[in-house]
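Under the working numbering, the sequence shown has 36 at position 36, and the numbering climbs by one with no breaks. Idealized CB from N, CA, C, for every residue including glycine. Nothing here was measured: the structure is a model prediction, and the numbers come from that model. Heads up: the structure comes next, in structure tokens.
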Amino acid sequence: MNNIFIYVVFNSVLLIPIFIIYTSTSFITSNKGRLHDFWLGLIIGGIGIFVMMNPTEFSSGIFVDSRSILLGLSAMFFPYLSTIIALVAMVTLRIINGGVGALAGIMNMVFVTTIGLLWHLYRYEKVIHKEVKFGLELLFMSEIIHIAALLSFIFLPKENIEFVLRNSTLPFLVIYPITMYFLLLLIYKALREDRLKEKLTNSEHLFKTIFEQAPIGITLTESATGKIMDSNTQFGKMVGLTKEEVLQSDWMRLTHPDDIPKDREYMGKLLKGEINSYSLDKRFIRKDGAMMWTNILVSSLFSGHSSIAQHLCMIVDIHNRKEIEEKIFYAYVHDHLTGLPNQLDFMNKLHTLMKKNEFPFTIAIADVNGFKMINDAFNREAGDSLLLQIADIFESEKRKDDYIARIGGDEFALILKGNDEEITTDIIQRVQQRIEDLSHHKVVVSLSFGVVVAMNDEIGVDELVKKAEDDLNQSKLHESPSTRSKVLNAIVHTLHEKNPREELHSRRVSLLASRLAKEMGLGSKEVAQMKTAGLLHDIGKINIDESILNKVGPLNDKEWAEMKKHPEKGYRIMMSVTELGEISSYILSHHERLDGKGYPQGLKGDEIPMQSRIITIADSFDAMTAWRPYKEMMSEEDAARELIRCSGSQFDPELVSIFVKQVLTLDIQ
Numbered sequence: 001m002n003n004i005f006i007y008v009v010f011n012s013v014l015l016i017p018i019f020i021i022y023t024s025t026s027f028i029t030s031n032k033g034r035l036h037d038f039w040l041g042l043i044i045g046g047i048g049i050f051v052m053m054n055p056t057e058f059s060s061g062i063f064v065d066s067r068s069i070l071l072g073l074s075a076m077f078f079p080y081l082s083t084i085i086a087l088v089a090m091v092t093l094r095i096i097n098g099g100v101g102a103l104a105g106i107m108n109m110v111f112v113t114t115i116g117l118l119w120h121l122y123r124y125e126k127v128i129h130k131e132v133k134f135g136l137e138l139l140f141m142s143e144i145i146h147i148a149a150l151l152s153f154i155f156l157p158k159e160n161i162e163f164v165l166r167n168s169t170l171p172f173l174v175i176y177p178i179t180m181y182f183l184l185l186l187i188y189k190a191l192r193e194d195r196l197k198e199k200l201t202n203s204e205h206l207f208k209t210i211f212e213q214a215p216i217g218i219t220l221t222e223s224a225t226g227k228i229m230d231s232n233t234q235f236g237k238m239v240g241l242t243k244e245e246v247l248q249s250d251w252m253r254l255t256h257p258d259d260i261p262k263d264r265e266y267m268g269k270l271l272k273g274e275i276n277s278y279s280l281d282k283r284f285i286r287k288d289g290a291m292m293w294t295n296i297l298v299s300s301l302f303s304g305h306s307s308i309a310q311h312l313c314m315i316v317d318i319h320n321r322k323e324i325e326e327k328i329f330y331a332y333v334h335d336h337l338t339g340l341p342n343q344l345d346f347m348n349k350l351h352t353l354m355k356k357n358e359f360p361f362t363i364a365i366a367d368v369n370g371f372k373m374i375n376d377a378f379n380r381e382a383g384d385s386l387l388l389q390i391a392d393i394f395e396s397e398k399r400k401d402d403y404i405a406r407i408g409g410d411e412f413a414l415i416l417k418g419n420d421e422e423i424t425t426d427i428i429q430r431v432q433q434r435i436e437d438l439s440h441h442k443v444v445v446s447l448s449f450g451v452v453v454a455m456n457d458e459i460g461v462d463e464l465v466k467k468a469e470d471d472l473n474q475s476k477l478h479e480s481p482s483t484r485s486k487v488l489n490a491i492v493h494t495l496h497e498k499n500p501r502e503e504l505h506s507r508r509v510s511l512l513a514s515r516l517a518k519e520m521g522l523g524s525k526e527v528a529q530m531k532t533a534g535l536l537h538d539i540g541k542i543n544i545d546e547s548i549l550n551k552v553g554p555l556n557d558k559e560w561a562e563m564k565k566h567p568e569k570g571y572r573i574m575m576s577v578t579e580l581g582e583i584s585s586y587i588l589s590h591h592e593r594l595d596g597k598g599y600p601q602g603l604k605g606d607e608i609p610m611q612s613r614i615i616t617i618a619d620s621f622d623a624m625t626a627w628r629p630y631k632e633m634m635s636e637e638d639a640a641r642e643l644i645r646c647s648g649s650q651f652d653p654e655l656v657s658i659f660v661k662q663v664l665t666l667d668i669q
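The structure is reproduced here in structure tokens:
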């Protein structure tokens, strides 16, 4: 019995030096391919054969050895293929050895291998990725495997079972499990270290790959000096330098001078530990002198391998984004038509001047007199052209340090350095003179100005601007009536130049309308209004193409649609003249009909102003009796009959009766 026990211990301990030598090599590393697994299986099988050739013999044909340890740990920790190859080799040897214990020996190996493979399938990956201190699970598996091995003895002849169990229970339940547990821990730690080394190698390789192949610039920098210790290829491309040139440089030499203070401020906070990282938009100066915008993300690096403070910087080229942002911002603070700064930029400029205490300065706000009337009469394109010319004049007349902005539809603002009244007056007069020389569509253009001087910050920006606008409004009170009258006369003159027939028609309508108003018993003011309304009733035609106005023959649908817009256009022009605002509504409705089939609003009956009904009669009568190239003239009698015929549908019957009997003095039933 003692000899058997000694042999069992020797047989199990025999595996320990073999596995120590084995695990000290790198051959146990997993995931090396099928060929590696095949050779590993042969090695394990070889060890198993060596162990089986030094067994403990209980009786003839019955051998006990530590193969269960070998196959158990192989199945638990090594690739499936390796374990199967080892199993086949060892089973083959056992078959060759033969004897009454052959079946039990084979079942021993099958039981042990199956349990180990099941553990490998369900538990291996989970266990190998965590730190095991005492490995109770491994000890438990060692016991389970050897209980299964012990149970395999039931396949022995009955007369041998009791003897073998009595002599092998202690080795199989104590010695082999302890030996296997020790070897499992040994292999586990070797495999885990190998895994960690592999992860570290992969991480280093991944970092180097990312560092070198990243589409952004990456640098490793000494925090205190700004010296670049390492950089990737992309950063070199961004700044136009080779890697050697980059490593010989530092951040301050590559950074745009205007961005250095902000960069130093953040870096100071980083060195003091106030922040661990920061992001900043900054400019680099390329080797060719060009400037490029980047966004940098700087982060402190904490490494136990170096006492030097370092930081990692990732640099993204945002030059295109910045160009787009600048274009968007430019559009945000500039007038799209003239390219001048807009009201927002003007207000920002004033706030900046006051914040920097750059006193004194003068604000001059200018307004184009009669601009709305010009815009309505000659179309928007003509108005835009005028504004562009005015902007050019301001730009050319202001001094280098002066500022000009378009702050509204027809308003411009000057900011002049200083408070010299003589200089301000001189600039305003030069601008006024050049603008008056424009003679836009034969309309003499003029500006009204409001001026205020800022001496200190006692008055806020909003109040300063209000003072300038109040001064402008005072100027316009004196200038606007005469200016608007001149503009209106110029519009009428232009219309009559485009179509001389319109001048004669307007004068006749004016005369007929005023006579009808007088015969109706209206007061002198109302009669005068009708005279003016008749003269200006077709002023909206100023914006209609001459080819339509002078066309010989009927208008087509498109031309007629354009012609029907003239009451509305005339209304908008007249609304620009405050003192003629009442007349504008008469002009708007002079093509309405009593039956509601007129234009532009489709008014009917008393909805149509009486004055508009007067103009309608005078306008229609003259159209019928005056010469037209596309139709014959009618006599006054025939025209009067047509008015009477259309009374109640197109014309006011009462007004037609007065017009025929008292203005035309005709007796027609």
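Query                                                                                                            : Result
Cβ pair count under 8 Å reaching 3, the segment 164-181 against the segment 136-155                              : yes
Range of the contiguous alpha helix (DSSP H) that encloses Phe207                                                : 176-213
Close beta carbons around Arg283, own chain, < 6 Å, minus the five adjacent residues each side                   : His256, Asp259, Met291, Trp293
C-alpha distance - Ser26 paired with Gln213, whole-angstrom precision                                            : Only weak support exists for where Ser26 lies, its pLDDT of 49 falling under 50; the value from the coordinates is given anyway. Looking at the two C-alpha atoms, the distance is approximately 31 Å.
Own chain partners of Leu588 with C-beta closer than 8 Å, once the 5 adjacent residues on each side are dropped  : Pro567, Glu568, Gly570, Tyr571, Pro600, Gln601, Ser612
Local Cβ density within 10 Å of Trp627, reported as buried at 16 or more and exposed below that                  : exposed
Same chain, Cβ closer than 7 Å to Asp619, neighbours up to 5 away in sequence not counted                        : Val509, His537, His590
Whether Met52 touches Arg67 by CB criterion (8 Å)                                                                : yes
C-alpha gap between Asp462 and Asp606, whole angstroms                                                           : 48 Å
Cβ distance (whole Å) where Ile296 is taken to contact Ile315 below 8 Å                                          : 5 Å
Leu35 classed as buried or exposed, judged by whether at least 16 other C-beta atoms fall within 10 angstroms    : exposed
Among Gly105, Asn357, Thr113, Ser168, nearest to Tyr80 - alpha-carbon criterion                                  : Thr113
CA-to-CA distance, Leu353 to Leu254, given in whole angstroms                                                    : 33 Å
Buried or exposed by the 16-neighbour rule on C-beta atoms within 10 Å, applied to Thr201                        : exposed
Residue interval of the alpha helix (DSSP H) (run including Ile147)                                              : 136-151
Of the listed residues Lys130, Gly72, Phe153, nearest to Ala102 (C-alpha basis)                                  : Phe153
Within the segment 408-491, ranges of the alpha helix (DSSP H) (whole runs, at least 4 residues)                 : 421-436
Simplified DSSP state of Ser635, which is helix, strand or coil                                                  : coil
Span separating the alpha-carbon of Glu326 from that of Ser203                                                   : 41 Å
Val127 in three-state terms, based on DSSP                                                                       : helix
Phe78 - containing beta strand (DSSP E), residue span                                                            : Premise fails: Phe78 is in no beta strand (DSSP E) and is neither H nor E.
Straight-line Cα distance separating Ile608 from Leu472                                                          : 38 Å
Sequence-distant residues of its chain with Cβ nearer than 8 Å to Thr625 (five each side left out)               : Met633, Met634, Ser635, Glu636, Ala639
Helix, strand or coil at Ile542 according to DSSP, with G and I counted as helix                                 : helix
When Ser446, Lys189, Met109, Gly540 are compared against Met574, the one with the closest alpha-carbon           : Gly540
Start and end residues, beta strand (DSSP E) containing Ala405                                                   : 403-406
Exposure label - Ile21; buried when at least 16 CB within 10 Å                                                   : Confidence in Ile21 is poor, its pLDDT being 47 and thus under 50, which makes the residue's placement unreliable; the coordinate value appears in the next sentence. Result: exposed.
Integer Cβ distance of Asn379 from Asn543, believed to fall under 8 Å                                            : 6 Å
In chain order, each alpha helix (DSSP H) run of at least 4 residues that lies wholly inside the segment 213-270 : 233-239, 243-247, 251-254
Met76 classed as buried or exposed, judged by whether at least 16 other C-beta atoms fall within 10 angstroms    : buried
Beta-carbon proximity of Ile548 to Tyr586, cut-off 8 Å                                                           : no
Span separating the alpha-carbon of Lys531 from that of His496                                                   : 17 Å
Rounded straight-line distance, which links the Cα of Gly33 to that of Leu40                                     : 11 Å
Candidates Tyr330, Val453, Gln432: closest to Leu447 by CA position                                              : Gln432
Sub-8 Å separation of Ser506 and Leu535 beta-carbons                                                             : yes
Among Glu519, Leu247, Glu592, nearest to Lys564 - alpha-carbon criterion                                         : Glu592
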